[in-house]
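Okay, so the sequence shown: first residue is 412 according to the numbering used here, each after it adds one.
I have placed the structure first, in the form of structure tokens, so that the comments after it can refer back to it.
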Amino acid sequence: MRTPVIAGNWKLFKTIGEATSLVSELKPLVAGATGVEIVVAPVFTALSRVADIAAGSNVQVAAQDCFWKEEGAYTGEVAPKLLKDAGCSHVIIGHSERRQFFGETDQTVNNKAKAALDAGLTAIVCVGETLAEREAGVTFAVIGKQVKEGLAGLSVDNLARVIVAYEPVWAIGTGKTASDEQAQEVHASIRALIGELFGTSAAAELRILYGGSVKPDNVKGLMTQADIDGALVGGASLVAESFAAIVNYGA
Ligand code: PGA
Numbered sequence: 412m413r414t415p416v417i418a419g420n421w422k423l424f425k426t427i428g429e430a431t432s433l434v435s436e437l438k439p440l441v442a443g444a445t446g447v448e449i450v451v452a453p454v455f456t457a458l459s460r461v462a463d464i465a466a467g468s469n470v471q472v473a474a475q476d477c478f479w480k481e482e483g484a485y486t487g488e489v490a491p492k493l494l495k496d497a498g499c500s501h502v503i504i505g506h507s508e509r510r511q512f513f514g515e516t517d518q519t520v521n522n523k524a525k526a527a528l529d530a531g532l533t534a535i536v537c538v539g540e541t542l543a544e545r546e547a548g549v550t551f552a553v554i555g556k557q558v559k560e561g562l563a564g565l566s567v568d569n570l571a572r573v574i575v576a577y578e579p580v581w582a583i584g585t586g587k588t589a590s591d592e593q594a595q596e597v598h599a600s601i602r603a604l605i606g607e608l609f610g611t612s613a614a615a616e617l618r619i620l621y622g623g624s625v626k627p628d629n630v631k632g633l634m635t636q637a638d639i640d641g642a643l644v645g646g647a648s649l650v651a652e653s654f655a656a657i658v659n660y661g662a
């Protein structure tokens, strides 16, 4: 009953020309994909051109971050409503690279999630533990705090436009994916917590994506897990064929 989501996070890669080529190549390769939502997240400068090319197709466009104010003297920031204006339907919030390199906290994630939802965007809220945290046995505590504080104050209605992405930091860009079982147990814990916070039906409807070295050859195993509802894909989303193979995992 939960429609899977396959999202490509292009990070700080690709010029406008390269990004428009990639989405143009991708469209026909995924045109036949049904029962799956497809999202790509280019850099800010390429958003509107990619969105123009994606318009009318089954490919939706996300930004990789946003600010929480609508406008004002905030040099360098981009407001959620401007992302909508550029053609985005989604925005990634709280990616571990933002937490690690740009000082994002659960509080800023929460501010951004609320602002994104207010602007009518779908928020892809990322959580994940570091290797040290996993080895210290605090994975569930870390993820629980990130979920609770990141989604604090949202309504059950809001939650319908939230997607959670579980991305263990040690699996991002390392080629070291979590095992299907390791991912599943964290996804199940997130869903249980959402049940406590927002009720069981909201929890049953929430899409929880796995991210961290998802490739065409490991996506199927992950997607067979009961609580894994899609993937947030970095490296393998930069080439149309490999991203399409992940989108078409069930074909
Ligand atoms: P990766 O990145 O697929 O290259 O590991 C995932 C992500 O950071 O979203």
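By construction, the Cβ of each residue, glycine as well, lies at the ideal position given by its N, Cα and C atoms.
For residue i, collect the residues of the same chain with a Cβ closer than 8 Å to its Cβ; drop the 5 residues on either side in sequence, then sort them by chain order.
i	result
Gln595	Gln636, Ala637, Asp638 and Ile639
Ser435	Ile464
Gly610	Val567
Thr426	Ala457
Given that a residue counts as buried once 16 or more other Cβ atoms are within 10 Å of its Cβ, and exposed if not, what is residue i?
i	result
Lys556	exposed
Leu433	buried
Pro439	exposed
Val567	exposed
Gln511	exposed
Gln518	exposed
Glu481	exposed
Ala552	exposed
Glu607	exposed
Glu592	exposed
Ala466	exposed
Ala547	exposed
Ala662	exposed
Considering only the beta carbon of each residue, do residue i and residue j sit closer than 8 Å?
i	j	result
Asn420	Ile449	no
Ala418	Ser459	no
Leu649	Phe424	yes
Val502	Cys477	yes
Ser590	Pro627	no
Ala576	Leu437	no
Leu565	Val558	no
Ile583	Gly622	yes
Ser507	Gly539	yes
Val489	Phe455	yes
Leu633	Asn569	no
Thr550	Val520	no
Taking C-alpha atoms, which residue in the options lies nearest to residue i?
i	options	result
Ile535	Ser500, Thr550 and Phe654	Ser500
Ala473	Pro415, Thr426, Phe654 and Thr533	Thr533
Asn667	Gly531, Leu562, Val502 and Thr550	Past the boundaries of the shown model lies residue 667; the chain is included only from 412 to 662, so the question cannot be answered.
Gly505	Gly487, Lys492, Leu643 and Ala524	Ala524
Ala452	Lys422, Ile574, Glu544 and Phe513	Lys422
Met412	Ala571, Glu616 and Val520	Glu616
Lys631	Ala651, Leu608 and Tyr660	Tyr660
Ala457	Glu481, Gly467, Thr445 and Gly428	Gly428
Ala571	Ala547, Thr585 and Ile605	Ile605
Gln475	Arg509, Thr486, Gly483 and Ala662	Arg509
Glu515	Thr426, Thr585 and Glu560	Glu560
Gln471	Thr585, Leu494 and Gly483	Leu494
Give the C-beta separation of residue i and residue j to the nearest angstrom, bearing in mind that I take them to be a contact with Cβ-Cβ under 8 Å.
i	j	result
Ile554	Ser624	No, Ile554 and Ser624 are not in contact; Cβ-Cβ is about 18 Å, not under 8 Å.
Gly641	Pro415	4 Å
Trp581	Leu542	4 Å
Val447	Ala655	At roughly 11 Å, the Cβ-Cβ gap does not stay under 8 Å, so Val447 and Ala655 are not in contact.
Arg545	Pro579	7 Å
Closer than 7 Å: is that where the CB of residue i sits relative to any heavy atom of the ligand ATP?
i	result
Ser566	Ligands present in the displayed structure are limited to the ligand PGA, and the ligand ATP is not among them.
Sorted by chain position, which residues of the same chain lie with C-beta nearer than 6 Å to residue i's C-beta, five sequence neighbours on each side aside?
i	result
Arg602	Ala614 and Asp638
Asn629	Thr588
Ala526	Trp479 and Pro491
Ala430	Pro453, Ala457 and Val461
Gly586	Ser624
Check the Cβ-Cβ distances between residue i and every residue of chain C, and say whether any is below 8 Å.
i	result
Ala430	Absent from the structure: chain C. Only one protein chain is present.
Excluding five sequence neighbours on each side, which residues of the same chain lie with their C-beta closer than 7 Å to the C-beta of residue i?
i	result
Ala444	Asn469, Val658 and Asn659
Tyr485	Phe478
Gly483	none
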